[in-house]
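There are 2 protein chains.
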Amino acid sequence: VPDGDTPFIDLDTDQQRPVQVAILVCPGFAPADIIGLHTIFGILPGATVHLVWKNLDEVMGIPRFPSRATTTFDDCPRDLDVLFSGAVLDDIFEDAETLEFLADRGKRARWVGGSCAGSLLMGAAGLLRGYRATTNFQQRHLLPYFGAIPAAGNVVEDRNRITAGPLTGSIEIALRLLQDLYGDELAREMELQIEYAPTPPFGVRSPALAGPGLTAQALDHGEAMGAPFLGVAERAAARLGVAVGG
Amino acid sequence: VPDGDTPFIDLDTDQQRPVQVAILVCPGFAPADIIGLHTIFGILPGATVHLVWKNLDEVMGIPRFPSRATTTFDDCPRDLDVLFSGAVLDDIFEDAETLEFLADRGKRARWVGGSCAGSLLMGAAGLLRGYRATTNFQQRHLLPYFGAIPAAGNVVEDRNRITAGPLTGSIEIALRLLQDLYGDELAREMELQIEYAPTPPFGVRSPALAGPGLTAQALDHGEAMGAPFLGVAERAAARLGVAVGG
Numbered sequence: 016v017p018d019g020d021t022p023f024i025d026l027d028t029d030q031q032r033p034v035q036v037a038i039l040v041c042p043g044f045a046p047a048d049i050i051g052l053h054t055i056f057g058i059l060p061g062a063t064v065h066l067v068w069k070n071l072d073e074v075m076g077i078p079r080f081p082s083r084a085t086t087t088f089d090d091c092p093r094d095l096d097v098l099f100s101g102a103v104l105d106d107i108f109e110d111a112e113t114l115e116f117l118a119d120r121g122k123r124a125r126w127v128g129g130s131c132a133g134s135l136l137m138g139a140a141g142l143l144r145g146y147r148a149t150t151n152f153q154q155r156h157l158l159p160y161f162g163a164i165p166a167a168g169n170v171v172e173d174r175n176r177i178t179a180g181p182l183t184g185s186i187e188i189a190l191r192l193l194q195d196l197y198g199d200e201l202a203r204e205m206e207l208q209i210e211y212a213p214t215p216p217f218g219v220r221s222p223a224l225a226g227p228g229l230t231a232q233a234l235d236h237g238e239a240m241g242a243p244f245l246g247v248a249e250r251a252a253a254r255l256g257v258a259v260g261g
Numbered sequence: 016v017p018d019g020d021t022p023f024i025d026l027d028t029d030q031q032r033p034v035q036v037a038i039l040v041c042p043g044f045a046p047a048d049i050i051g052l053h054t055i056f057g058i059l060p061g062a063t064v065h066l067v068w069k070n071l072d073e074v075m076g077i078p079r080f081p082s083r084a085t086t087t088f089d090d091c092p093r094d095l096d097v098l099f100s101g102a103v104l105d106d107i108f109e110d111a112e113t114l115e116f117l118a119d120r121g122k123r124a125r126w127v128g129g130s131c132a133g134s135l136l137m138g139a140a141g142l143l144r145g146y147r148a149t150t151n152f153q154q155r156h157l158l159p160y161f162g163a164i165p166a167a168g169n170v171v172e173d174r175n176r177i178t179a180g181p182l183t184g185s186i187e188i189a190l191r192l193l194q195d196l197y198g199d200e201l202a203r204e205m206e207l208q209i210e211y212a213p214t215p216p217f218g219v220r221s222p223a224l225a226g227p228g229l230t231a232q233a234l235d236h237g238e239a240m241g242a243p244f245l246g247v248a249e250r251a252a253a254r255l256g257v258a259v260g261g
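For the record, the sequence lines run as chains Z and A. For the first sequence, the working numbering gives the first residue as 16, with consecutive numbering after it. For the second sequence, the working numbering gives the first residue as 16, with consecutive numbering after it.
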């Protein structure tokens, strides 16, 4: 059985420019928020995808999905094309070693990206101060605590910061980054290769379409999940010197 | 750090009916094809998601993503609500123990689902004979070798078989299964909770939209990946007694 390095897509040699991608895989990471970006870069012969964490021990994702890093923080290339995170549990937001790693790689990375609460994590590392950004709708009001400016759009791009909501957010970020890093032709072909042809069945895919009743219900049902993030955001604001709602 | 069992969504008690879901996680599995379904069921308090394989040893996904099963074939409940697989490498299609497991659980499961080449794998286990089904466009012509009838649609449902293309396929299958297992209201709320509001950027997301030129290029670039599946399909047809193109 191959070790997983086999590229799926047989690209032209001139499109195989070396690209270094690092994705955070820590205890309590959300695999659904990173796997689109992971897969899209992972099937390109020229790209190296590092799943990064402090060590290579097994970690458990949320919901329950075992995985582990393939590259430690120490071994991660210092100059990255893409630094990315999806949602992680709130305790990671206050882990000094993780924030230091993200801040260090992020300040030199060509692109810094986050989907769902991964956007907020980049904010906690000081990487969204003064940038327009987005995240999942349940936590969008917390962006200002990290000095970010909430903006509309499925994918929000401000200079080299790129953020989105959950699940399909990382697919759309990846397609945009392919366009920047490899050009239009490859990015277009990838949209077809992965048949990114979604048809949401119920017509309630955003708060605007769902209306106030269903949106309130969804916020209520998600409250237990989101609750710890307010404290995290308030402490981040204090640490970063961000004044909110003053 | 929690072990990953924390449910995200605080549902009403009457929606917490016990549902058993099994998803194949084997060497060479494609995490992107299963993670939507995994996450959508995984955040429901009433559902138990089993990642299943012969043992609990680490396996490497494609592209490179370490994981492992959480439940062995032997320990997997005999009566499942959902049996599901995404794409796997071709050697799994001829692994007797895997095919036997799928055939056994599949014949009693309330739903049998597959996305991308996971549909073909269910076919190899004899579970699609006489059923309408779909898979990724690159391999759709192979469905008849497994006795399946290729059908149009993002998600194809025929009695209790449900199949789709890659990546977002497992999200759309999961939303449909929630509707069947938990009812309309919960399924609609989930579409909003996960903000399944995709906006494919390039307008070439299917062969019909991409046109013959880009489609031919995509097929050419994907040929190396798909090549082993023709032999697999031919041998499956012989084993299953399916006459193709006669």
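Every residue, glycine too, gets a C-beta built ideally from N, C-alpha and C. Remember, predicted model here, so these are calculated numbers, not experimental data.
- Task: Compare the Cα-Cα distances from Asp173(Z) to each of His236(Z), Ala163(Z), Pro181(Z), Gly180(Z) and report the closest residue.
- Result: Residue Ala163(Z) is the option with its Cα nearest to Asp173(Z).
- Distance between His236(A) and Ile58(Z) (C-alpha atoms, nearest Å): Distance between the alpha carbons of Ile58(Z) and His236(A) is about 11 Å.
- Query: In its own chain, which residues sit with a C-beta less than 7 Å from the C-beta of Gln154(Z), not counting the 5 before and 5 after it?
  - Reply: In its chain, beyond the 5 residues on either side, Ala132, Leu135, Gly241, Phe244 have a beta carbon closer than 7 Å to the beta carbon of Gln154(Z).
- Nearest-angstrom Cβ-Cβ length linking Leu104(Z) and Gly184(Z), presumed shorter than 8 Å: With a Cβ gap of about 18 Å, Leu104(Z) and Gly184(Z) do not count as contacting.
- Contact set for Ala158(Z): own chain, Cβ-Cβ below 8 Å, skip 5 residues either direction: Residue identity differs from the one stated: residue 158(Z) is Leu in this sequence, not Ala. Within its own chain, the residues whose Cβ lies closer than 8 Å to the Cβ of Leu158(Z), once the five positions on either side in sequence are excluded, are Ser134, Leu135, Gly138, Leu143, Ala148, Thr149, Thr150, Ile164, Pro165, listed in chain order.
- Message: Give me the chain Z residues within the contact set of Ile177(A), using Cβ-Cβ distance strictly less than 7 Å, ordered along the chain.
- Response: Listed along chain Z, no residue sits closer than 7 Å to Ile177(A) by beta-carbon distance, the nearest being about 13 Å off.
- Item | Cβ of Gly129(Z) within 7 Å of any chain A Cβ | By this cut-off, Gly129(Z) is not an interface position.
- Cβ of Ser221(Z) within 7 Å of Cβ of Ala189(A)? For Ser221(Z) and Ala189(A), no; Cβs fall outside 7 Å.
- Message: Rounded to the nearest angstrom, what separates Asp25(A) and His156(A) at their Cα positions?
- Response: The alpha-carbon separation between Asp25(A) and His156(A) amounts to approximately 43 Å.
- Message: Using only the alpha-carbon positions, how far apart do Leu192(A) and Ala179(A) sit?
- Response: Cα to Cα, the separation comes out at about 13 Å.
- Task: From the DSSP output, read off the bridge partner residues of Ser82(Z).
- Result: As a beta-bridge residue in DSSP terms, Ser82(Z) pairs with Val74(Z).
- Task: Give a yes or no on whether the minimum CB-CB distance between Ile49(A) and chain Z is below 7 Å.
- Result: Taking CB atoms only, Ile49(A) has no neighbour in chain Z less than 7 Å away.
- Message: Comparing C-alpha positions only, which one of Lys122(Z), Glu187(Z), Val40(Z), Val36(Z) sits nearest to Lys69(Z)?
- Response: With distances taken between Cα atoms, Lys69(Z) lies closest to Val40(Z).
- Message: Could you compute how far the alpha carbon of Arg32(A) sits from the alpha carbon of Leu207(A)?
- Response: Near 21 Å, if we compare the C-alpha coordinates of Leu207(A) and Arg32(A).
- Which whole runs of the alpha helix (DSSP H) in the segment 107 to 189 of chain A are 4 residues long or more, in chain order? Annotation note: the segment 107 to 189 of chain A contains the following uninterrupted alpha helix (DSSP H) runs of length 4 or greater, listed N- to C-terminal: 111 to 123, 132 to 139.
- Return yes when at least one heavy atom of the ligand SAH lies under 6 Å from the C-beta of Leu192(Z), else no. The ligand SAH is not part of the structure shown, which contains no ligands of any sort.
- Do Pro46(Z) and Phe80(Z) have their CB atoms nearer than 7 Å? Their beta carbons are under 7 Å apart, which means Pro46(Z) touches Phe80(Z) by this criterion.
- Query: Over what stretch of residues does the beta strand (DSSP E) that includes Ile58(Z) continue unbroken?
  - Reply: No beta strand (DSSP E) contains Ile58(Z), which DSSP labels as neither H nor E.
- Item | Chain-ordered chain A contacts of Tyr197(Z) [CB-CB under 7 Å] | Within chain A, no residue comes near Tyr197(Z); the closest Cβ sits about 13 Å away, beyond 7 Å.
- Task: In angstroms with no decimal places, state the Cα-to-Cα distance between Val16(Z) and Pro78(A).
- Result: Since pLDDT at Val16(Z) reaches only 31, below the 50 mark, its modelled position is unreliable, and the value read off the structure follows with that caveat. Approximately 13 Å between the Cα atoms of the pair.
- Measure the C-alpha to C-alpha separation of Glu109(A) and Glu115(A) and round it to an integer number of angstroms. Here the alpha carbon of Glu109(A) sits roughly 10 Å from the alpha carbon of Glu115(A).
- Task: Specify whether the segment 87 to 101 of chain Z and the segment 111 to 129 of chain Z touch according to this definition: at least 3 beta carbon pairs, one from each stretch, less than 8 Å apart.
- Result: Short answer: they touch.
- Go through its chain and collect everything with a Cβ distance to Cys91(Z)'s Cβ below 7 Å, but skip five positions before and after it. Correct list, in chain order: Ala37, His65, Val67, Arg120.
- Query: What residues in the segment 209 to 223 of chain Z have a beta carbon less than 9 Å from any beta carbon of chain A?
  - Reply: Going along the segment 209 to 223 of chain Z in chain order, one finds Ile209, Glu210, Tyr211, Ala212, Pro213, Thr214, Pro215, Pro216, Phe217, Gly218, Val219, Arg220, Ser221, Pro222 with a Cβ nearer than 9 Å to chain A.
- Task: Kindly indicate if chain Z contains any beta-carbon less than 7 Å away from that of Ile24(A).
- Result: Yes - at least one Cβ of chain Z is within 7 Å of the one on Ile24(A).
- Query: Does the separation of the CB atoms of Val74(A) and Tyr160(A) fall below 7 Å?
  - Reply: Taking 7 Å as the Cβ cut-off, Val74(A) and Tyr160(A) do not qualify as a contacting pair.
- Message: Buried or exposed, going by whether 16 or more other CB atoms sit within 10 Å of the CB of Arg254(Z)?
- Response: Exposed, since its Cβ has fewer than 16 Cβ neighbours within 10 Å.
- DSSP on Ile50(A), reduced to helix/strand/coil? Note: Ile50(A) maps to helix in three-state DSSP.
- Going by beta carbon distance, what residues of the same chain come within less than 6 Å of Thr113(Z), once the five residues before and after it are set aside? Result list for Thr113(Z): Ile107, in chain order.
- Query: Does Asn70(A) come within less than 7 Å of chain Z when only Cβ atoms are used?
  - Reply: Taking a beta-carbon distance threshold of 7 Å, Asn70(A) does not count as an interface residue toward chain Z.
- Of all Cβ atoms in chain Z, is any one closer than 7 Å to the Cβ of Leu190(A)? Yes, Leu190(A) counts as interfacial toward chain Z.
- Message: Please state whether the Cβ-Cβ distance between Leu224(Z) and Ile209(A) is less than 7 Å.
- Response: With contacts defined by Cβ atoms closer than 7 Å, Leu224(Z) and Ile209(A) do not form a contacting pair.
- Task: Assign Gly228(A) to buried or exposed, taking buried as 16 or more other Cβ atoms, counted over all protein chains shown, within 10 Å of its Cβ.
- Result: Looking at its Cβ environment, which holds fewer than 16 other Cβ atoms inside 10 Å, Gly228(A) is exposed.
- Kindly say whether Leu157(Z), judged by its beta-carbon, lies nearer than 7 Å to any beta-carbon of chain A. Between Leu157(Z) and chain A, the shortest Cβ-Cβ separation is not below 7 Å.
- Message: Quick check on the DSSP output: the beta strand (DSSP E) that includes Val97(Z) runs from which residue to which?
- Response: Per DSSP, Val97(Z) belongs to the beta strand (DSSP E) from 97 to 100.
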